[in-house]
Structures are given as structure tokens and as C-alpha cells.
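Peer 1: Have a look at this one.
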Amino acid sequence: EVQLVQSGAEVKKPGESLRISCKGSGYNFTNYWISWVRQMPGKGLEWMGRLDPSDSYSNYNPSFQGHVTISVDKSISTAYLQWSSLKASDTAIYYCARWDDGLGCWGQGTLVTVSS
Amino acid sequence: VVMTQSPLSLSVTLGQPASISCRSSQSLLYSDGNTYLNWFQQRPGQSPRRLIYKVSNRDSGVPDRFSGSGSGTDFTLKISRVEAEDVGVYYCMQGTHWLLTFGGGTKVEIK
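For the record, the sequence lines run as chains A and B. Here the first sequence stands for residues 1 to 116, numbered as in the working numbering. Here the second sequence stands for residues 117 to 227, numbered as in the working numbering.
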């Protein structure tokens, strides 16, 4: 069974750093791009960027460029989304999703709460 | 590419049909001949689940009461007979142009 399993909920303070993860299983992880999608409280879905696990090539939605970094450790079939300095406005659920003719398989989501 | 969904919300009697429109600001026909238009269902408290890919192809396990149609810039998701488990928010998404974009969502509730 194809699965993406994300790391657990996080509570952080403004200015702190954070890395959340997304582990793929049930398929060849390097064959499918991974995207990250943000959902702010009560709002819709926003595509943040994507990464090719085979060579770590990534590209970003300009709205998120410079504020987040997408990376991968293909030896453990895991993609990451990280922040070096969180803001209160980063409070949201973050989903990873696998590209196959669209976003066909999604993780369960990671709730990130940023509050002083 | 801007994706515009309508209506914003839909109140439907059980067993009745429902239809959601999604329009894109540019054609979604890709150079490989495919149109990368997806439909998603997000039930309350759950992750999005893809229902339809490439305009009209149902994902595995999706009931056949869901169907997708359209071409170019104009797309539709239809539910032939709404059931209680269909309550949630539905999103379209285009994957043809590199910056993937979603519609704003349509909330479906039971009347």
C-alpha cells in the first residue's frame, strides 16, 4: 500500500526553527515528486513547492520562496519541510503529497502552531 | 493560473444530484496531450483525498456516482446522487502549469 506518513504536531515560538518530515512507503520513493501544501485554519489549499527525490531538485511557489526549504534523505525515503525562523502566520496544517498525474496520495498532515 | 470554483457552497437533499464548476484562467491542455485537472474531497478533520485525475478518471475506490468532465478552461464535478458521506469541501487543482494552483473550494452540505 502506498503511504505517506508525516511527523507529529508541533508547538513552537516565533523565531524558532523547525523541520517536519514525510516518509514514503509501498513504492519506489525516488520515482515520484513530493509536494508540500499548506492549509491555514479554516482556509483552502496552497501549493508551496515540490522536490524530485532522485536528485533533490526543488522549485517553490514564489509566495513561499526564501521562507521554507524542501529537502530529502532518499536513503530513508523521507522528505522534509523546514523553517529557520517561524512566524505566527506559519500556524497551519502542512501536507505532503505525491505527484502522479496530480497529487494522488497525501500524508495525514502535520499541525504546526506558532505562538508566543 | 487562477482556478475559480462555483458555487462557494451547496446545500443538497440526500439522493439528489450536485454539480461544481471550476474554471481556469488559461488552458490546462499540456503539450503531451493530457489535461492535468484533479478534483479532491476534504471531509471535516481529514486530509484531502483525490477523486478524479486528468479531468475524468476516477481514482481507485471512488464511487461511480462521482464523475468529472470538461476541457480547456472549463471543468465540472458531478455527484449523481448525494449521500451523507459526501459532506465536505471539494477542490479542483491544475497541475499543467508549474505553479500548481487550487480552486477556493466548494462546501457541500446536506439540506
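Glycine included, every Cβ here is placed at the ideal spot set by N, Cα and C. What you are looking at is a predicted structure, and each value in this text was computed from that prediction instead of being measured.
On a CA-only basis, which of Ser127(B), Leu130(B) and Ser135(B) is nearest Gln121(B)? Give me that one, please.
Peer 2: The candidate whose alpha carbon is nearest that of Gln121(B) is Ser135(B).
Peer 1: Does any residue of chain A have a CB that is nearer than 8 Å to the CB of Met119(B)?
Peer 2: Taking Cβ atoms only, chain A never reaches closer than 8 Å to Met119(B), which makes this a no.
Peer 1: Less than 8 Å between CB atoms is the rule here; does Lys227(B) satisfy it with respect to chain A?
Peer 2: No - not a single Cβ of chain A is within 8 Å of the one on Lys227(B).
Peer 1: Are the C-beta atoms of Gly109(A) and some chain B residue less than 8 Å apart?
Peer 2: For Gly109(A), the answer is yes, since a Cβ of chain B falls inside 8 Å of its Cβ.
Peer 1: Output needed for Tyr146(B): all residues of its chain with C-beta closer than 7 Å, excluding positions within five of it in sequence on either side, in chain order.
Peer 2: Contacts found: Tyr152 and Thr212.
Peer 1: Please work out which residues of its chain come closer than 6 Å, Cβ to Cβ, to Arg50(A), disregarding the five sequence neighbours upstream and downstream, and give them in chain order.
Peer 2: Contacts found: Trp33 and Ser35.
Peer 1: Could you tell me the distance, in whole angstroms, from the CA atom of Ser75(A) to the CA atom of Cys96(A)?
Peer 2: Spanning the two alpha carbons is a distance of roughly 18 Å.
Peer 1: Using three-state DSSP, classify Ala9(A) as helix, strand or coil.
Peer 2: The answer is coil: DSSP assigns Ala9(A) none of H, G, I, E or B.
Peer 1: Closest to Phe156(B) by CA distance: which of Leu144(B), Ser143(B), Asp175(B) and Ser141(B) is it?
Peer 2: Phe156(B) has its Cα closest to that of Asp175(B), out of Leu144(B), Ser143(B), Asp175(B) and Ser141(B).
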